[in-house]
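Report on one structure; see the data block that follows.
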Amino acid sequence: MTVRLASVGPRPAAVWAEGLVVQMPASVVDRAGWRRAIDADGALRIPPEPAAIGEGDVEALRERRAFTDAAPASARMPIAYHAVPGWARAIVASAIGRWNRRRADRWASFPRWPIDLSADVLHDLSTDASDVESRPAPVVVTHDIDSPEGLTNLVRRFLPLEESLGARSTSYVVPCAWRLDDGLVREVVARGHEVGVHGYDHANRTAFAAPAERARRLDAARGFAERFGATGYRAPSLLRTRALLRDLSARYRYDTSIPTSGGLFPTPNNGCATARPFLVEHIVELPVTLPRDGTLRFFGHRPDEILRMWIDCADLVARARGVVVLLTHCERRFSGHPAMLDAYRRFLEHVAAHADRFAFSTPARVLAGAT
Ligand SMILES: [Zn+2]
257 MTVRLASVGP
267 RPAAVWAEGL
277 VVQMPASVVD
287 RAGWRRAIDA
297 DGALRIPPEP
307 AAIGEGDVEA
317 LRERRAFTDA
327 APASARMPIA
337 YHAVPGWARA
347 IVASAIGRWN
357 RRRADRWASF
367 PRWPIDLSAD
377 VLHDLSTDAS
387 DVESRPAPVV
397 VTHDIDSPEG
407 LTNLVRRFLP
417 LEESLGARST
427 SYVVPCAWRL
437 DDGLVREVVA
447 RGHEVGVHGY
457 DHANRTAFAA
467 PAERARRLDA
477 ARGFAERFGA
487 TGYRAPSLLR
497 TRALLRDLSA
507 RYRYDTSIPT
517 SGGLFPTPNN
527 GCATARPFLV
537 EHIVELPVTL
547 PRDGTLRFFG
557 HRPDEILRMW
567 IDCADLVARA
577 RGVVVLLTHC
587 ERRFSGHPAM
597 LDAYRRFLEH
607 VAAHADRFAF
617 STPARVLAGA
627 T
């Protein structure tokens, strides 16, 4: 059920959430005795008494929509869907996006678009701890490198921008789809940036394959991972299943394939509703907290609107003591376009200008518990 948190009572850890609209399972609201504390306008004033909410409730909310258990059409095509030209896929997705843009109550009923921190709110309402630590939120900027063009643009346009503002990015590279320019990837790493693995050939099948086939596809990336020190994985199109994450736990230190709020893609109503790293299927999950460039472009948002959404979401994540994780693509039809690259630069400048609120970080530093 949807409620507006008018007051969190004597719970210092949850003060950041006052005024937010959040969603909670009706069963939890009833068990906590909060239903009578909701007024006619849907405003909830949390009573002072401790509530019977546990880590299991938080975990259940986080995992309620965390997986994309049904394969989308692209994963069932007889040919790799990358054989369809990128511009054609972009036009189809864009038509879907514009059609759906104003129907967010259907495709983002939970988690809500563009961000939903309901699981973090529930966690912080379950504790009366008063030693709330306040430190700058780590900001992890990441790229999915789906093509040679993306890799070239990363090195020519994105890295200099990031370096000029003191940031280092992590790029998840498709290891087995095209002839990889090892020299360019080596340069990325030599300049202090990180690389990770972005699936196998981006055919969107690994998550749904039979166990032996999935193992074969995952193991094919081992050479790439060892050459460039990749310790993390991001699933193509963010298609992820529990079976995939279990298999990843034996091969990587972390996964970053679950969005906080996925919106319409890859399937409606997907995401983990948290901005904090968590353990699932024996692997650390680093959620993609900000709305993705691809989805925002498909919805027809202008670069200045996208910048506004990134800044608003990042500010909320910082208040919530989460980790800001931004996913952009370096191809020209995504963030490699001059106007989008400018929005990205202004986002980085916003982060750099607010050192009290943010600190550029990397997945390795976040996993180590540092900013
Ligand atoms: Zn991709």
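In terms of this note's numbering, the sequence shown has 555 at position 299, counting the first letter as 1, and numbering is strictly consecutive.
A virtual CB, placed ideally from N, CA and C, is assigned to each residue, including glycine.
Within 10 angstroms of the beta-carbon of Ala486 lie 16 or more other beta-carbons, which makes it buried.
For Arg575, no beta strand (DSSP E) encloses it; the enclosing alpha helix (DSSP H) starts and ends at 559-575. Cα atoms of Asp568 and Ala468: separation of roughly 43 Å, rounded to the nearest angstrom.
His379 sits in a helix when the DSSP states are folded into three classes.
Residue list for ligand 1: Asp400, Asp402, Pro492 (CB closer than 5 Å to any heavy atom, chain order).
In its chain, beyond the 5 residues on either side, Pro268 have a beta carbon closer than 7 Å to the beta carbon of Ser386.
By the C-beta density criterion, Glu561 is exposed, having fewer than 16 other C-beta atoms within 10 angstroms. Taking C-alpha positions only, Ser513 is separated from His379 by approximately 22 Å. For the 8 Å CB-CB criterion, Thr324 and Pro522 form a contact. Membership of Arg473 in any beta strand (DSSP E) is not indicated; the residue belongs instead to the alpha helix (DSSP H) covering 467-475. In the three-state reduction of the DSSP assignment, Ser427 falls in the strand class, which pools E and B.
Distance from Pro492 to Gly455 at the Cβ level is roughly 4 Å; contact confirmed, criterion being Cβ atoms closer than 8 Å.
Short of 6 Å from the beta carbon of Phe484, and not among the five residues preceding or following it, lie these beta carbons of its own chain, in chain order: Val441, Val445, Val451. His538 sits exposed, since fewer than 16 C-beta atoms from the chains shown fall within 10 Å of its C-beta.
A straight line joining the alpha-carbon of Ala299 with that of Ala262 spans about 6 Å. Using a Cβ-Cβ distance cut-off of 8 Å, the segment 574-587 and the segment 542-550 are in contact, since at least three pairs of beta carbons, one from each stretch, lie closer than that value. Between Asp549 and Phe590, the CB-CB gap stays under 8 Å. Beyond the five residues adjoining it in sequence on each side, Glu305 comes within less than 8 Å, by CB distance, of Gly289 in the same chain, given in chain order.
In the three-state DSSP reduction, Phe480 falls in the helix class (H, G or I). Here Leu421 carries a coil assignment [DSSP, helix/strand/coil]. Here Val277 carries a strand assignment [DSSP, helix/strand/coil]. A distance of 8 Å or more separates the beta carbons of Ser420 and Val314. DSSP places Arg260 inside the beta strand (DSSP E), whose first and last residues are 258-263.
In this structure, the beta-carbon distance from Val395 to Val259 does not fall below 8 Å.
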